[in-house]
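For what it's worth, this note's numbering labels the leading residue of the sequence shown as 3, then goes sequentially.
For glycine and all other residues, C-beta sits at the position ideal for the given N, C-alpha and C.
Quick notes on the structure that follows.
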Amino acid sequence: MNLPTAADEDWRYVDCRGLAEAAATTATVLPGEPCSADAFPAPTDATHAWALAGSARRWRASSDATIHDAGGCWALLVEVPPGTALRLRINRTAAEGRSASWIHAVLGRGANLIVEDVSTAPLGVHLAAMSATLAQDAALRYRGTQHGGRLQRHHLAAQLTGLGASFDLAVAADPRGETQAHVLTRVVHAVGPTTSRQLIKSVLRDRARVSFDGVVTMLKGADGSSAEQRDQNLVLSPLARADTRPQLDIRADEVQASHGATIGALDAEELLYLRARGLPPDAAREILTTAFLDEVLGPTSSSSSVGGVP
3 MNLPTAADED WRYVDCRGLA EAAATTATVL PGEPCSADAF PAPTDATHAW
53 ALAGSARRWR ASSDATIHDA GGCWALLVEV PPGTALRLRI NRTAAEGRSA
103 SWIHAVLGRG ANLIVEDVST APLGVHLAAM SATLAQDAAL RYRGTQHGGR
153 LQRHHLAAQL TGLGASFDLA VAADPRGETQ AHVLTRVVHA VGPTTSRQLI
203 KSVLRDRARV SFDGVVTMLK GADGSSAEQR DQNLVLSPLA RADTRPQLDI
253 RADEVQASHG ATIGALDAEE LLYLRARGLP PDAAREILTT AFLDEVLGPT
303 SSSSSVGGVP
């Protein structure tokens, strides 16, 4: 397939030169059984296509699990039965090459899925996609981090198709050096009432680049729904760059929707307050940046292990 470029709408903020890097040759062990690519929705992004070119599996989830993403290309169809509550953790540690993954989750009525997506890879190009369809009263809570990786891009999409469905997404990015961290979201409220919340927080150091490109669509018939988008960027270097584009596409009446974006520096008064109490400059800055990201990060929980060491 042709490589994406910045001329492609969904890749407009990405320096795509690293995508030509050879695909990682490592393999990630996944739960479930092998399945055909036809079991997944039609790909809408290069990440989907690359992921399906590798291993594809279907997993009817019944308990908490951890996936140790060692790299390569893989796709996982996760079916969460009605009334089931579970947690899925993805630890991304691939160090070299280009990796692509796609998790598509199908949540039954009243199902509850928590996803913790943690990336600490120091090198390489990491493309991650997650999509989901949510039935009546289903809930998906996604927490992601972007640390390390020469280029990271998360493509996150949710279809709220059942009354009372809810989607809560939060991502924290802390790129350093000349690394990139990008988040693209597409959320559709097909019926109402349904709810969605998105919070993206980034700390930019050195020559790092980040972007947020998000669209919330409220279709006709989604009356009573509510949606919130927030993208907040803390810039610590004059050489860093943040691009942000939160968007709303409202086609229904009687909905509540808000979006906003900020790009700023550390608060000078807060720094002065900490310095006055004897903290060195670096320590004061670290305290403030940690507090900034804590709204996303918070405490994490351990999970059982699938395909790796607990």
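Close beta carbons around residue i, own chain, < 6 Å, minus the five adjacent residues each side
i: SER303; result: Only weak support is given to the placement of SER303: the predicted model assigns it a pLDDT of 37, under 50, and the value that follows is read from those uncertain coordinates. Cβ within range, chain order: n/a, list empty.
i: ARG277; result: ALA286
i: VAL205; result: ASP176, LEU236 and THR291
i: VAL298; result: ALA172, ALA174 and LYS203
i: GLY56; result: GLY74, CYS75 and TRP76
i: HIS191; result: LEU162, MET220, ALA224 and SER227
i: ARG211; result: GLN182 and ARG243
i: PHE214; result: VAL185, ILE202, ASP233 and THR246
i: SER38; result: none
Where residue i falls: helix, strand or coil (DSSP)
i: ALA29; result: coil
i: GLY73; result: coil
i: PRO83; result: coil
i: VAL108; result: strand
i: ASP233; result: strand
i: LEU295; result: helix
i: THR147; result: strand
i: PRO248; result: strand
i: ALA263; result: strand
i: ARG14; result: coil
i: PRO36; result: strand
i: GLY216; result: strand
i: LEU21; result: helix
i: ASP284; result: helix
i: LEU186; result: strand
i: ARG277; result: helix
i: LEU313; result: With the chain covering 3 to 312 only, the question about residue 313 has no answer from this structure.
i: THR181; result: coil
i: THR196; result: coil
Pair within 8 Å by beta-carbon distance, residue i and residue j
i: SER227; j: PRO195; result: yes
i: LEU115; j: ILE69; result: no
i: ALA102; j: ALA53; result: yes
i: LYS222; j: ARG178; result: no
i: GLN138; j: GLY166; result: yes
i: LEU186; j: ALA160; result: no
i: ALA130; j: ASP119; result: yes
i: ASP17; j: GLN182; result: yes
i: TYR15; j: HIS157; result: no
i: GLU81; j: VAL108; result: yes
i: VAL218; j: LEU268; result: no
i: GLN231; j: GLN258; result: no
Cβ-based neighbour list, residue i, same chain, cut-off 7 Å, excluding 5 preceding and 5 following
i: LEU241; result: ASP208 and ARG209
i: SER121; result: ARG94, HIS128, THR147, GLN148, HIS149, GLY150, GLY151 and GLN154
i: TRP13; result: PRO6 and THR7
Closest by C-alpha distance to residue i, when choosing among the options
i: VAL189; options: THR95, ALA130, ASP170 and ALA140; result: ASP170
i: SER198; options: THR181, ASP215, SER213 and SER168; result: SER168
i: ARG59; options: ALA48, GLU230, ALA72 and ASP40; result: ASP40
i: LEU88; options: ASP71, GLY110 and ALA254; result: GLY110
i: ILE92; options: ALA72, TRP13, LEU201 and ILE289; result: ALA72
i: ALA29; options: PRO83, ARG19 and ALA96; result: ALA96
Cβ-based neighbour list, residue i, same chain, cut-off 8 Å, excluding 5 preceding and 5 following
i: ILE265; result: ASN235, VAL237, ALA244 and THR246
i: PHE42; result: HIS50, LEU54, ALA58, ALA77, LEU79, TRP104 and HIS106
i: ILE289; result: LEU276 and LEU281
Residue i classed as buried or exposed, judged by whether at least 16 other C-beta atoms fall within 10 angstroms
i: ASP296; result: exposed
i: THR7; result: exposed
i: SER64; result: exposed
i: ASP47; result: buried
i: LEU5; result: exposed
i: GLY216; result: buried
i: PRO126; result: The question names Pro, but residue 126 in the sequence shown is Gly. Buried, since its Cβ has 16 or more Cβ neighbours within 10 Å.
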